[in-house]
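Residues in the sequence shown are numbered from 1 upward in steps of one, following full-length UniProt numbering.
Backbone N, C-alpha and C define an ideal beta-carbon position, used for all residues, glycine too.
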Amino acid sequence: MLIRHRSSSFLTFLLRHNPISQFRNFTSYSTYPDPKYPNFAIEICRITRTMPRWENTLLSQYPNFNFNDPSFFLLYINLQNNALLSLRFFHWLCSTCGFSPDQASCSALFNVLVDAGACKAAKSLLECPGFTPENGSLECYIRGLSSSGMVEDAAEVFDELKKVGFCPSVATWNAALLGCLKAGRTDLVWTLYEHMVESGVVASIDVETVGYLIKAFCAENNVSKGYELLREVLDNGLCPDNLVFNALISGFCKERQYGRVSELLHIMIEKNCKPDIFTYQEIINGLLKRKNPEGLRVFNDLKDRGYFPDRVVYTTMIKGLCEMGSFGEARKLWFEMIQKRILPNEYTYNVMIHGCCQIGDLAKAWKLYKEMCGRGYKETAISYSIMISGLCFSGKTSEAMRLFEEMPQRDVVRDLVTYNCLIKGLCENDKLVEATKLFNDLQAQGLEPSIYSFTPLIKRLCKVGETQEAIRLLKDMRDRHLEPTSSTNDHIIIGLCKEGNSAQAMEWLKNMLSWKLKPQERTFERLIHSLSLEDRLDDIMVVLDLMLRAGYRLEEGMTHALVSKFSKESFHLDDLCFEKILESN
1 MLIRHRSSSF LTFLLRHNPI SQFRNFTSYS TYPDPKYPNF AIEICRITRT MPRWENTLLS
61 QYPNFNFNDP SFFLLYINLQ NNALLSLRFF HWLCSTCGFS PDQASCSALF NVLVDAGACK
121 AAKSLLECPG FTPENGSLEC YIRGLSSSGM VEDAAEVFDE LKKVGFCPSV ATWNAALLGC
181 LKAGRTDLVW TLYEHMVESG VVASIDVETV GYLIKAFCAE NNVSKGYELL REVLDNGLCP
241 DNLVFNALIS GFCKERQYGR VSELLHIMIE KNCKPDIFTY QEIINGLLKR KNPEGLRVFN
301 DLKDRGYFPD RVVYTTMIKG LCEMGSFGEA RKLWFEMIQK RILPNEYTYN VMIHGCCQIG
361 DLAKAWKLYK EMCGRGYKET AISYSIMISG LCFSGKTSEA MRLFEEMPQR DVVRDLVTYN
421 CLIKGLCEND KLVEATKLFN DLQAQGLEPS IYSFTPLIKR LCKVGETQEA IRLLKDMRDR
481 HLEPTSSTND HIIIGLCKEG NSAQAMEWLK NMLSWKLKPQ ERTFERLIHS LSLEDRLDDI
541 MVVLDLMLRA GYRLEEGMTH ALVSKFSKES FHLDDLCFEK ILESN
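Take a look at the structure:
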């Protein structure tokens with residue numbers, strides 16, 4: 001009993017020199033009051049932090065100590081300062097020592113886990129019998145769930161708080177709204193907003209909340225509703241931040257409502273919410289995606305106004321100009337960027353290399369490719385895919401195959417995109433056998449073919465007169481739950497017509513229309529021509545009527561040929577049906 005009155009320094013001396021044997025001699029008490037003996041908790045923290053598989057030996061090391069004391073666990077949590085180690089120790093206590101956690105123990109551990117962002121682990125504690133976190137802890141928990149994307153769990157916590165009559169702060173609601181937006185769950189944004197209205201929080205909604213609602217409208221492609229809400233809050237004296245205006249600008253660019261974009265810019269200036277580089281980037285990106293040359297004018301205006309475009313903006317411009325076929329302008333910006341000491345990154349290089357390949361300048365593409373590698377950027381599946389596509393575009397399929405075979409030697413994994421690029425290139429260069437072999441190899445490597453794996457093969461098979469094999473591939477697509485593009489069905493119909501199988505082509509056309517797919521104009525023309533060769537005049541009338549209903553016009557030469565054929569065959573036209581069709585045409 002004398003040891004109980006020794007100083008803490010003497011206890012520390014004993015622990016350092018023989019922590020296990022010495023401690024066994026004096027830990028004969030059923031409890032260990034933490035305020036007087038913190039050093040034991042320090043030692044346990046060290047063991048559980050540094051020793052592997054301590055769970056198997058800790059009880060035998062300290063057989064007389066009562067690990068079930070809740071005050072000891074609270075001390076352990078405070079000293080350990082590690083959420084996951086504390087959780088591990090908690091599970092050991094419960095499973096090995098028969099520890100029955102009380103409210104204080106669970107609350108402390110719950111708060112530590114939430115603060116550490118370990119929300120999944122914190123969620124498991126909610127299953128402890130009798131444990132109910134404090135309302136403030138649940139608010140922190142909601143914010144943690146929202147930031148980690150567990151937005152459905154966050155919505156459930158709101159429901160629980162509602163049951164006990166507690167209303168979270170606006171900041172907590174906003175954190176949840178932001179989390180839902182990042183997770184793409186605009187449906188939950190509106191659900192939470194309804195709860196806010198029911199809870200009476202709407203009266204204290206701040207401009208941040210309004211911004212999230214506007215962004216939700218924009219994310220749902222309902223930008224006009226977002227604009228209406230903006231006008232409403234502006235009238236009430238609130239002004240959202242630039243991110244909200246940028247979302248609206250991006251949405252209106254997508255809808256080609258450039259008048260609205262101009263109006264939003266004027267509002268921003270009027271409200272002292274100066275458009276930043278990201279605002280202009282949204283405008284430029286929206287214009288270039290729709291191949292609108294105004295994007296270059298806005299970019300130049302941006303520089304004239306004293307803004308300094310960064311590498312992202314330059315890359316966006318170069319990519320957009322290349323896609324519009326303005327490769328000369330893209331090259332000017334490339335050199336301008338370098339002159340301003342804005343070094344291109346791997347993505348910028350790949351954009352420029354792709355532009356060179358599009359115009360068939362393989363020499364320049366190779367030069368840029370080698371320069372990119374020389375700057376320390378490793379070859380990737382993306383860069384290989386771009387070069388393979390460029391080589392195939394120029395008809396150099398042998399070189400493309402060589403690059404493809406080289407990839408494993410360079411430790412570059414051949415992904416689905418790489419396979420698809422080469423399959424497409426081979427098909428376009430009439431290398432069907434090689435493309436089919438590659439398609440089979442793709443699956444042998446454990447990759448799942450996509451729409452872009454099937455489509456080039458189906459198109460080439462139809463062109464070479466193997467339409468039935470193309471139909472088999474199309475069926476395989478559907479069995480894999482891959483929905484073919486409308487043009488894929490057009491290839492099948494045209495292929496059947498080439499083979500003189502107009503009856504099956506006619507059925508395929510009817511199927512397309514029943515699937516709400518619009519056939520191309522050339523598909524109707526090819527089918528009418530095929531039916532004409534077989535003198536199937538009744539079917540011609542049906543197809544011609546469907547063609548005109550689809551908004552197409554029959555080519556003049558074919559119109560005259562049909563008039564001549566119907567006249568020669570003395571075809572009976574009820575109620576001048578054919579004349580009406582020709583008049584519409």
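Per-residue DSSP class, three states only, for residue i
i, result
"tryptophan 515", "coil"
"cysteine 273", "coil"
"valine 413", "coil"
"phenylalanine 65", "coil"
"methionine 268", "helix"
"valine 164", "coil"
"arginine 331", "helix"
"asparagine 221", "coil"
"residue 607", "Residue 607 lies beyond the range of the chain shown here (1 to 585); nothing can be said about it."
"methionine 196", "helix"
"threonine 436", "helix"
"serine 567", "helix"
"methionine 337", "helix"
"asparagine 242", "helix"
"isoleucine 44", "helix"
"serine 28", "Caution applies to serine 28, whose pLDDT of 32 falls short of 50 and renders its modelled position unreliable; the value that the coordinates give is listed next. Serine 28: coil per DSSP, three-state reduction."
"threonine 380", "coil"
"serine 137", "helix"
"proline 33", "Here the model assigns proline 33 a pLDDT of 39, short of 50, so the residue's position is not dependable, and the following value carries that caveat. Proline 33 falls in the coil class under three-state DSSP."
"glycine 408", "The question names glycine, yet the displayed sequence has proline at residue 408. Helix, per DSSP."
"lysine 215", "helix"
"asparagine 420", "helix"
"cysteine 94", "helix"
Proximity to residue i [Cα-Cα], best of the options
i, options, result
"serine 389", "Pro408, Tyr377, Gly374 and Val351", "Val351"
"valine 112", "Pro52, Pro129, Val542 and Gly144", "Gly144"
"asparagine 420", "Ile382, Glu399 and Gln409", "Ile382"
"isoleucine 451", "Val433, Ala444, Gln468 and Leu482", "Leu482"
"serine 107", "Leu461, Val210 and Leu138", "Leu138"
"aspartate 441", "Lys303, Arg472, Phe131 and Thr418", "Thr418"
"cysteine 119", "Gly98, Leu84 and Asn68", "Leu84"
"aspartate 311", "Leu192, Glu346 and Arg480", "Sequence check: residue 311 is arginine here, not aspartate. For the residues Leu192, Glu346 and Arg480, the minimum Cα distance to arginine 311 belongs to Glu346."
"serine 532", "Gly500, Ser147, Tyr552 and Arg553", "Gly500"
"tyrosine 121", "Gly98, Asp153, Glu134 and Gly130", "Here residue 121 turns out to be alanine, not tyrosine, going by the sequence shown. The residue with the shortest Cα to Cα distance from alanine 121 is Asp153."
"glutamine 468", "Val201, Cys497, Arg480 and Tyr76", "Cys497"
"glycine 355", "Phe335, Gly328, Met372 and Ile338", "Gly328"
"lysine 163", "His195, Trp190 and Ala247", "His195"
"residue 587", "Val464, Gly325, Cys322 and Ile318", "What the structure shows of the chain is the stretch from 1 to 585, and residue 587 is not part of that stretch, so it cannot be assessed."
N-terminal and C-terminal residue of the alpha helix (DSSP H) that residue i is part of
i, result
"proline 456", "451-463"
"valine 542", "537-549"
"arginine 311", "311-323"
"histidine 481", "Element bounds for histidine 481: n/a, residue is neither H nor E."
"arginine 526", "521-533"
"aspartate 361", "Here aspartate 361 belongs to no alpha helix (DSSP H), and DSSP marks it neither H nor E."
"glutamine 80", "70-80"
"phenylalanine 99", "Counting along the chain, phenylalanine 99 falls outside any alpha helix (DSSP H), and DSSP gives it neither H nor E."
"lysine 396", "No alpha helix (DSSP H) contains lysine 396, which DSSP labels as neither H nor E."
"phenylalanine 299", "294-304"
"threonine 172", "170-182"
"leucine 554", "Taken as a continuous stretch (DSSP letters only), leucine 554 belongs to no alpha helix (DSSP H), as it is neither H nor E."
"serine 124", "119-125"
Expected contact under 8 Å - CB spacing of residue i and residue j to nearest Å
i, j, result
"threonine 488", "leucine 474", "7 Å"
"tyrosine 349", "tyrosine 314", "Not quite, the Cβ-Cβ distance comes to about 12 Å (not below 8 Å), so this is no contact."
"threonine 209", "valine 170", "7 Å"
"leucine 213", "tyrosine 193", "7 Å"
"phenylalanine 245", "threonine 279", "7 Å"
"leucine 255", "valine 223", "The question names leucine, yet the displayed sequence has glutamate at residue 255. Indeed they touch by this definition, with Cβ atoms about 6 Å apart."
The ligand SAM heavy atom lying under 7 Å from the CB of residue i
i, result
"methionine 372", "Absent from the structure shown: the ligand SAM. Ligands present: none."
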